[in-house]
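Here the numbering used here is used: position 189 in the sequence shown is 264, and no number is missing along the way. Just so you know, even glycine gets a beta-carbon here, dropped at the ideal spot from N, CA and C. Computed from a predicted model, the values in this text were never measured in an experiment.
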Amino acid sequence: MRNHGESDHHSSMTYKEMAEDVLRYADQRNIEKFTLLGHNMGGKTAMTLSCMHPDRVSSLISLDTAPLSFKTDMKTIKQTIDHLKQINELKIEGKTRKSAMDVISSHFNDVGMSNFISGNLVYDQKTDNKTVKWCVNLDAIINNFDSISGFNDDGSLSPYTGPSLFINGSYSTEKLQNEGTLPDKELLEIYKPLFPDCTVVLIEGAGHFVHNDKPLQVCTLIKDFLVQ
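Okay, structure coming up:
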């Protein structure tokens, strides 16, 4: 994914651009057909690629991500951007991993969020891996947040008719429905229009990071789906 990990940094990051990035990666490695699995922004990228190039996608798996635009929830958008800016302002460059983790933990009380943020740290080869640095282009993510919070805004995507699995956390789903961000209706109705051959599973006791909260359940669901 552009602007993540060791991937190239770009000033623009629409879902169609990121979908083409993934396809280019597959082409460079002569991978003709593949299963896609993504979470959050990765989930929307996987959905976009499946709809754009259905002949290349054997099946689709998405974790706690709906094929919806969340641009209408301006309060949440502002909070998220402020959150990203706060992360971006953490002075961790040049620190040891332990020191960087201490800084992150002091700013974010939620253990899950702290672990998620620290997952974006990598060792800096320029210091012989003695210190860490960010591996995400947070400035680009902040500047493109309007695009990232949307999905299929121009209505150009066609349905992906291959098999698809959508795994959602009950806490995350309930929170979005209470906020009015997610329509208060059966989850299947949300996914069916673009993904008619879909299976939707709601895991009780899991939040947005459903794969962290319930790893065994998620892995079992994915395994069973893939061997069908």
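Work out the CA separation of residue j and residue i for me, nearest whole Å.
i      : j      : result
Thr110 : Leu98  : 12 Å
Gly80  : Met88  : 15 Å
Thr147 : Ser174 : Reliability fails at Thr147, whose pLDDT of 49 lies under 50, so the model's placement of it is uncertain and the value that follows must be treated cautiously. Cα to Cα, Thr147 sits roughly 38 Å from Ser174.
Asn105 : Leu296 : 28 Å
Pro268 : Ser125 : 14 Å
Phe284 : Ser86  : 27 Å
Ile289 : Asp299 : For the sequence presented, residue 289 should be read as Lys rather than Ile. Those two C-alpha atoms are separated by around 16 Å.
Glu264 : Met176 : 41 Å
Lys91  : Ala215 : 16 Å
Tyr170 : Asp185 : The identity of residue 170 in the sequence shown is Lys, whereas the question assumes Tyr. Roughly 22 Å between the two C-alpha positions.
Gly294 : Ser82  : According to the sequence displayed, residue 294 carries Cys and not Gly. So the alpha carbons of these two residues sit roughly 26 Å apart.
Asn218 : Asp157 : 12 Å
Ala281 : Lys250 : 12 Å
Tyr266 : Pro142 : 7 Å
His286 : Ile192 : 16 Å
Leu262 : Met122 : 16 Å
Asp229 : Thr120 : 15 Å
Which of helix, strand or coil does DSSP assign to residue i?
i      : result
His128 : coil
Ala84  : In the sequence on display, residue 84 carries His and not Ala. In the structure shown, His84 sits in coil (DSSP, three-state: anything other than H, G, I, E or B).
Gly118 : helix
Leu135 : strand
Lys208 : strand
Thr110 : strand
Leu296 : helix
Ala97  : In the sequence on display, residue 97 carries Val and not Ala. In the structure shown, Val97 sits in a helix (DSSP, three-state: H, G or I).
Val302 : coil
Leu196 : strand
Excluding sequence positions up to five away, which residues of its chain have a Cβ less than 8 Å from the Cβ of residue i?
i      : result
Leu291 : none
Ser180 : Ser189
Gln303 : Pro238
Lys166 : Val178
Grab me the residues of residue i's own chain with a C-beta within less than 6 Å of its C-beta, minus the 5 sequence neighbours each way, in chain order.
i      : result
Leu112 : Ile136
Pro305 : Given a span of 76 to 303 for the chain in the structure shown, any question on residue 305 remains unanswerable.
Ser39  : Given that the chain is displayed from residue 76 to residue 303, the structure contains no residue 39 and the question cannot be resolved.
Thr202 : none
Glu107 : none
Leu301 : none
Thr200 : Note that residue 200 is Gln in the sequence shown here, rather than Thr. Closer than 6 Å at Cβ, skipping near neighbours: no residue.
Would you kindly check if the distance between the Cβ of residue j and the Cβ of residue i is under 8 Å?
i      : j      : result
Asp96  : Arg77  : yes
Tyr198 : Asn204 : yes
Asn243 : Leu277 : yes
Thr274 : Leu240 : yes
Met116 : Ala94  : no
Ser231 : Glu279 : no
Thr248 : Pro129 : no
Phe270 : Pro234 : yes
Apart from the five residues on each side of it in sequence, which residues of its chain come closer than 7 Å, Cβ to Cβ, to residue i?
i      : result
Val211 : Asn78, His79, Asn195
Gly118 : Ser137, Leu138, Thr140
Glu168 : Lys208
Can you confirm whether residue i, when its beta carbon is compared against all beta carbons of chain B, has any partner nearer than 8 Å?
i      : result
Ser174 : Of the chains in the structure shown, none is chain B; there is only one protein chain.
Legend entry - Minimum length 4: unbroken alpha helix (DSSP H) runs contained in the region 223-290: 245-254, 262-266, 285-288
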